[in-house]
Each structure stands twice: as C-alpha cells, then as structure tokens.
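Notes follow the structure.
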Amino acid sequence: MPSPYYDQGRRDAENGTLNQLFYHTYHDYKRGYDEIVNGPPKPKPNFLFFLIPALLLVGLAGGWFLRDRGVLSTPPTPLVVMVTVTPVTASPTFPPFAIATPAPPTPTQLVIEIGGEAITLEQVRIRPDPSIQGEPIGALDPGELITIIDGPRQGDDYTWWLIESAIGQGWVAEDFIQAR
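When we follow the working numbering, the leftmost residue of the sequence shown carries the number 27, and every step to the right adds one.
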C-alpha cells in the first residue's frame with residue numbers, strides 16, 4: 027500500500043508543483059513524483075550477467091589455445107645489471123632564517139539574526155507555523171530578499187525563522203536561506 031507521501035508526490039507532479047523539502051526528505055514522495063514526471067522505472071538490462079562469463083570463457087579458451095602453440099612459453103630474457111658510481115660533492119649549508127608570511131584575512135561570517143536580511147537559496151515554502159506539518163501559505167523563488175522578524179525555533183529537525191517577504195509573513199527553514 028503506498029504511503030501518503032507517495033500519493034502527495036504524485037499529486038504535486040500532476041499539479042506541476044514540487045515540495046523541495048519533501049522531495050529531499052521522503053523517499054516515497056520522490057518515488058511518486060518521479061514516476062509521474064519520468065514515467066514508471068524501466069527494468070535494468072541483464073546482459074552483463076551473460077557477457078562477463080562469456081568473455082571469461084573466451085579468454086580461457088584463447089590462453090589454452092596459445093599454450094599449445096608455445097606462444098606463452100617463451101624463455102625469459104636475461105637481466106643485465108650495471109653498477110655506476112656517482113661521486114658525492116659537499117654542498118655548503120646555510121643557517122636557517124625565518125620568512126614572515128602574512129596571515130590570510132579571516133572571512134566575515136554572515137549570521138542569520140533578527141532584523142537582518144537573507145536571501146533564498148532555492149524555492150522555499152512559507153508556512154504558518156515552524157513545522158513541515160502546516161499547509162504552506164506561499165512559496166519564494168531562489169534569490170528573493172527576505173527580512174528576519176523572529177526566531178530561531180526548532181521543529182521537525184529544522185531551525186525555523188519568521189520572515190517578512192513580498193508575499194507576507196511566515197516561517198521558513200534555515201537550510202534554504204542565507205544571511206546577506
């Protein structure tokens with residue numbers, strides 16, 4: 027029996043919407059969505075099951091055939107070792123000295139904070155509560171500017187921030203936004 031996530035994935039694919047969070051979190055949602063978009067999964071060819079043993083048999087038969095002809099039984103060539111002497115010359119040693127290397131500049135760490143701005147990294151759904159259980163109130167496209175109003179709150183293994191955007195207020199998961 028398919029799970030509700032599988033059915034939701036199929037419905038979203040038929041409606042032309044994609045819930046990025048569900049797609050990357052729930053295997054059944056992804057399977058249902060992909061079956062509508064790409065069609066049912068195609069069976070994998072089993073030709074390797076027959077090809078590998080056939081190639082192995084051909085190789086063994088070829089080796090057996092060449093063994094009888096004497097091709098593989100040629101005597102090894104003798105190894106000649108030549109020794110050469112290289113004179114060692116003394117090289118001057120210099121005292122060690124320190125080279126001052128400038129320290130690389132430390133990058134400024136951008137932090138999401140109340141009153142700050144952020145941008146969306148990918149399509150993100152705005153929710154009425156800090157949870158994936160609520161029905162989304164809208165969605166923002168990648169690169170949209172948002173203002174952080176409140177947060178953070180923990181819910182459903184995500185850190186949530188209350189934001190203000192062009193389409194209104196709501197909660198978004200921190201994984202899909204970046205401080206600006």
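The beta-carbon is built from N, C-alpha and C at its ideal position, and this holds for glycine as well.
The beta carbon of P168 lies closer than 7 Å to those of T146, L147, E148, Q149 in the same chain, with the five residues before and after it left out.
For P30, there is no enclosing beta strand (DSSP E); the enclosing alpha helix (DSSP H) covers residues 30-41. The residues G181, D182, in chain order, have a CB closer than 6 Å to that of S157 in the same chain once the five nearest residues on each side in sequence are set aside.
The beta carbons of Y52 and Y31 sit closer together than 8 Å. Taken through DSSP and simplified to helix, strand or coil, R206 comes out as coil. The Cβ-Cβ distance between G58 and G35 falls below 8 Å. Apart from sequence neighbours up to five positions away, the residues of its chain that approach T173 with a beta-carbon distance below 7 Å are E143, I189, E190, ordered along the chain.
Counting of Cβ neighbours within 10 angstroms places A116 among the exposed residues, the total staying below 16.
For E170, the closest alpha carbon among the candidates G89, P162, T134, F202 is that of F202. Nearest neighbour of I193 by Cα position, chosen from M108, V107, R151, turns out to be R151. L74 has its alpha-carbon roughly 52 Å from the corresponding atom of P154. Counting only the Cα atoms, V107 lies some 35 Å from G85.
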